[in-house]
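**Q**
In our numbering, the protein residues as written are 490 to 562.
1) Between the Cα of residue 492 and the Cα atoms of 505, 512 and 520, which residue gives the shortest distance?
2) In chain order, what residues of the same chain lie with their CB nearer than 7 angstroms to the CB of residue 511, ignoring the 5 residues before and after it?
3) Note the first and the last residue of the continuous alpha helix (DSSP H) segment covering residue 512.
4) Any chance the CB of residue 533 is under 7 angstroms from a heavy atom of the ligand FAD?
5) Write down the C-beta distance between residue 544 and residue 550 rounded to the nearest angstrom, noting that I regard them as a contact closer than 8 angstroms.
Structure, rendered in structure tokens:
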């Protein structure tokens, strides 16, 4: 997997907690941040899906039948 280097700024307390947990677990800070982001993005994906479902149930979202989609392909 390709890796991209990023520079981030954290509040001091959060940076200290990251340092403490990394030492406790013997993990690199970058690895912990990547894991945390993965979990958070999964959470956000769920929230987005729930919101889309609510809009669909309320009739606020147009549904395009699969047949129409396949015709366009």
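Don't be surprised by glycine CBs; every beta carbon is placed ideally from N, CA and C. In this text the structure is predicted, and so the values were computed from the model without any measurement.
**A** This is what the structure gives:
1) For the purposes of this step, residue 492 is taken as the residue at position 3 of the chain shown. Taking only the C-alpha atoms, the option nearest residue 492 is 520.
2) In the chain shown, counting from the first residue as 1, residue 511 sits at position 22. The residues 517, 518 and 521, in chain order, have a CB closer than 7 angstroms to that of residue 511 in the same chain once the five nearest residues on each side in sequence are set aside.
3) Counted from its first residue, the chain shown places residue 512 at position 23. Per DSSP, residue 512 belongs to the alpha helix (DSSP H) from 501-514.
4) No copy of the ligand FAD appears in this structure; indeed no ligand is present at all.
5) Here residue 544 refers to the residue found at position 55 of the chain shown. Here residue 550 refers to the residue found at position 61 of the chain shown. A Cβ-Cβ distance of about 4 angstroms is found for the pair residue 544 and residue 550, placing them in contact under the 8 angstroms criterion.
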